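In the working numbering, the protein residues as written are 3 to 106.
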Amino acid sequence: MSPLNITPRETTAGPVLDVTGELDYSNATQLREVLLTLTLRPGQRLVLDLAGLTFCDSSGITALIAARSHAHAAEADIALAAVPAHTLRILRLVGLDQIFALDP
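Set out below in structure tokens:
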């Protein structure tokens with residue numbers, strides 16, 4: 003079991019959250035809590051860098067959707083970056099690759 007670590011950083015385009023470890027039922031609320039601390043301005047882009055994500059269950063997917071809702075409520079954009087193959091497969095199966103911008 004790999005704990006979830008979320009490291010925020012700022013860029014000129016907007017905030018980036020480096021998400022590493024397991025995003026699952028036991029800790030998906032952690033991502034939601036970090037989102038509430040972010041100040042997004044219209045036109046910015048929130049990036050969730052998932053390069054270090056080792057596991058994502060349905061609660062994790064729900065947290066990603068909550069991140070999208072948070073960004074859109076602020077009139078900001080959102081992108082998922084470096085999505086691991088196992089998570090990308092799930093996103094494609096449920097059609098979420100159609101609503102998230104996916105960056106390499």
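Glycine included, each C-beta is placed from N, C-alpha and C at the ideal position. In this text the structure is predicted, and so the values were computed from the model without any measurement.
Partner residues in the beta bridge of GLU12, as assigned by DSSP, are PRO17. In the three-state reduction of the DSSP assignment, LEU40 falls in the coil class, being assigned neither a helical nor a strand state. A straight line joining the alpha-carbon of VAL18 with that of GLU77 spans about 16 Å. Residue pairing by DSSP puts THR22 in a beta bridge opposite ASN7, GLY54.
Counting along the chain, ALA81 sits inside the beta strand (DSSP E) bounded by residues 79-83. In this structure, the beta-carbon distance from ALA65 to ALA81 does not fall below 8 Å.
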